[in-house]
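> Numbering (my numbering), first residue to last: 1 to 338. Cβ coordinates follow ideal geometry from the N, Cα and C atoms, glycine included. Nothing here was measured: the structure is a model prediction, and the numbers come from that model.
1. Under a three-way DSSP split, which group does residue 159 fall into?
2. Report the rounded CA-to-CA distance for residue 20 versus residue 14, giving the unit in angstroms.
3. Give the straight-line distance between the Cα atoms of residue 258 and residue 310, rounded to the nearest whole angstrom.
4. Residue 70: buried (16+ other C-beta within 10 angstroms of its C-beta) or exposed?
5. Pull up the distance between the alpha-carbon of residue 159 and that of residue 243, whole angstroms please.
6. From the DSSP output, in three-state form, read off residue 80 for me.
7. To which residues of the same chain is residue 265 closer than 8 Å at the C-beta, ignoring the five residues directly before and after it?
8. Residue 1 by DSSP, collapsed to three states: which one?
9. What is the DSSP secondary structure of residue 168, counted as helix, strand or coil?
10. In its own chain, which residues sit with a C-beta less than 6 Å from the C-beta of residue 328, not counting the 5 before and 5 after it?
11. Can you tell me where the beta strand (DSSP E) with residue 277 in it begins and where it stops?
12. From residue 152 to residue 126, what distance separates their C-alpha atoms?
13. Out of curiosity, what's the CA-to-CA distance linking residue 41 and residue 322?
14. Using only alpha-carbon positions, find the residue among 204, 109 and 63 that is nearest to residue 293.
15. Can you give the Cα-Cα distance for residue 63 and residue 57, rounded to whole angstroms?
16. With DSSP as the reference, please indicate the residues paired to residue 73 in a beta bridge.
17. Can you say whether residue 162 is buried or exposed, counting buried as having 16 or more other CB atoms within 10 angstroms of its CB?
18. Considering only residues of the same chain and omitting the five flanking positions on each side of residue 174, which have a CB-CB separation below 7 Å?
19. What are the partner residues of residue 246, as DSSP defines its beta bridges?
20. Mind checking whether residue 169 and residue 178 have CB atoms under 8 Å apart?
21. Ignore the nearest five residues each way along the sequence and tell me which others in residue 106's own chain have a CB closer than 8 Å to its CB.
22. Roughly how many angstroms lie between the CA atoms of residue 278 and residue 167, to the nearest whole one?
23. Does DSSP put residue 137 in a helix, in a strand, or in coil?
24. With respect to the beta strand (DSSP E) encompassing residue 195, which residues constitute its N-terminal and C-terminal limits?
25. Give the DSSP-derived three-state secondary structure of residue 349 in the structure shown.
26. With DSSP run on the structure shown, which of helix, strand or coil describes residue 267?
27. What's the gap between the Cα of residue 16 and the Cα of residue 140?
28. With a threshold of 6 Å on Cβ separation, who are the neighbours of residue 97 within its own chain once the five nearest residues in sequence on each side are excluded?
29. In angstroms with no decimal places, state the Cα-to-Cα distance between residue 267 and residue 212.
30. Looking only at its own chain, which residues have a Cβ that is under 6 Å from the Cβ of residue 283, when we skip the five neighbours before and after it?
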């Protein structure tokens, strides 16, 4: 179906508020939601924010008719339930809501990083050599430096400077850490010590790649510091949070831009991203390697997606409205005719 451009669509803005969060975390999350509510309402959308404070999503939605709204799905996980982002989308699907972002199956795929790697390999898309380890023994791995990740987490959970290893002994210690602390297999990849880009794309059918954002690690000389750790993303005042600069648009020549666009488009489609998504890449010797796939990436006002949309003329509200309109094409009432 065709994408509409309506600014009067009624929006149910669904977001999670976890009781385990600190007061500051809750305040920040609510402020981000209110910013989006105000931005969408300022364009003409009628916005009804719905905070989910437990895992009873179906009950929370019982008072809302799927025919009356487009849901803006800003649920990162059901409160108290790790790795439950796909479950939230599955509830919306079962209840018949048209909602922004990717389907439950695609969100589940994104939490299974080895499966994503297999898709990239099958499509011959460049991604670092990799292996999965379920015991600390790392026999057969000989590529260093390497990076050790959790196999089933998002948001750089488990990523610290110690994730980058330069010997078998370090590798096996870090694998043991992932197994013991995070209770899941370890995904080991070659560490690409080069430039890092976060590249958003949006659309269905006709997909547009937005200007690349570069994570500039220039102030760091140790390769272990040249990666976007959990603290670097979420802990203001931490060394990496303060030291990494986001540059939008990234300084790239025409050939590099074209290659990034080719890889991002192919990855977005191969993994089934819908409405919007973000592909993270690292480059070395002219090769751009896919290091992560993010359907439903963060959309707060200070993210690479928001800055990239601004580069092509979208205010924060207009960015949110476009995402709503992409989802509205799947709505039985608001969907545009084919």
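In this structure, then:
1. coil
2. 19 Å
3. 20 Å
4. buried
5. 17 Å
6. coil
7. 201, 207 and 209
8. Interpretation of residue 1 is limited by its pLDDT of 46, a score under 50 that renders its predicted location unreliable; no figure is taken from the coordinates.
9. helix
10. 4, 9, 70 and 334
11. 276-284
12. 21 Å
13. 13 Å
14. 109
15. 11 Å
16. 14
17. exposed
18. 148, 162, 163 and 165
19. 215
20. no
21. 271, 272, 273, 274 and 295
22. 32 Å
23. coil
24. 195-204
25. Shown here, the chain extends from 1 to 338; a query on residue 349 therefore has no answer.
26. helix
27. 43 Å
28. 66 and 71
29. 15 Å
30. 194 and 195
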